[in-house]
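First residue of the sequence shown: 1, per the UniProt record's numbering; consecutive thereafter.
Report on one structure; see the data block that follows.
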Amino acid sequence: MQTSSFFAPEPLKEQKNNQQVHKRRFESINLTTGEKVIGTNKTDVARILGITDKDIAEVLSGGRKSAKGFTFKYID
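Rendered as structure tokens:
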């Protein structure tokens, strides 16, 4: 089983409109191969996996169990 990490270049905390934003790390697991990808940016990870960021968000929020052969969970 292979694990890859992909983190957005911005720090986990950033200042936006005078509010702190915390980026949560999440893990993607390919249900067929077991390969894992860890990241903080849904758009970038979706691009790597060939799916949409909306698919990732729906699984992470509990609306779906998997999306196009992948499952996702927060690891923080």
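For each residue, glycine too, the CB sits at the ideal point set by N, CA and C.
Can you tell which of TYR74, ILE75 and PHE70 has the C-alpha that lies nearest to the C-alpha of THR52?
-> Position 52 of the sequence shown, counted from the start, is the residue given in the question as residue 52. Of TYR74, ILE75 and PHE70, the residue nearest in Cα terms is PHE70.
Between ILE29 and LYS42, which are expected to be in contact by the criterion C-beta below 8 Å, what is the C-beta distance as a whole number of angstroms?
-> As a position in the sequence shown, residue 29 is number 29, starting the count at 1. As a position in the sequence shown, residue 42 is number 42, starting the count at 1. Wrong, their Cβ atoms sit about 15 Å apart, outside the cutoff.
May I ask which residues mark the beginning and end of the alpha helix (DSSP H) holding THR43?
-> Numbered from 1 along the sequence shown, position 43 holds the residue referred to as residue 43. Looking at the DSSP string, the run of the alpha helix (DSSP H) that includes THR43 is 42 to 49.
Identify the continuous beta strand (DSSP E) that holds LYS73 and give its terminal residues.
-> Locating residue 73 in the sequence shown gives position 73, where the first residue counts as 1. Looking at the DSSP string, the run of the beta strand (DSSP E) that includes LYS73 is 70 to 74.
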